[in-house]
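Here is the structure we will look at, set down as structure tokens.
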Amino acid sequence: MKNQMPFPTFLKTREQIATEYGMSARTLRRRLIKLRIKIPDGRVMPKDQIKVYRVLGRPLFIWIDDHNLIPYTGPDI
């Protein structure tokens, strides 16, 4: 299931990524530290989002733009 990931198309905040997984930004930070995943400060670039998706697996939700969140069902990359 971990290979089924969304394809990021825009910069996201850590809060947005955490929301996709149904967790707080603090929990996301702790999990990434535990898994030794380092992402640069500021908004998260699409290439770094892919790193997060690969280690944490398929998210529950996905942002389709800065203001709209929907359940994630595909497409996969």
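Residue numbers (my numbering): 1273 to 1349. Every residue gets a Cβ at the ideal spot worked out from N, C-alpha and C, and that includes glycine.
Measuring CB to CB, does residue i end up less than 9 Å from residue j?
| i | j | result |
| --- | --- | --- |
| E1287 | Y1344 | no |
Once DSSP output is grouped into helix, strand and coil, what is the label at residue i?
| i | result |
| --- | --- |
| K1310 | coil |
| L1283 | coil |
| I1372 | Because the chain spans 1273 through 1349 in this model, residue 1372 falls outside it and cannot be assessed. |
| P1318 | helix |
For residue i and residue j, what's the separation of their Cα atoms in angstroms?
| i | j | result |
| --- | --- | --- |
| G1346 | R1298 | 27 Å |
| R1301 | F1333 | 18 Å |
Going by other Cβ atoms of all chains shown within 10 Å of its Cβ, with 16 needed for buried, is residue i buried or exposed?
| i | result |
| --- | --- |
| M1289 | Note on residue identity: the sequence assigns Ile, not Met, to residue 1289. Buried. |
| K1310 | exposed |
| K1284 | buried |
Segment contact, 8 Å Cβ cut-off, at least three pairs: the stretch 1336–1346 with the stretch 1302–1316: no
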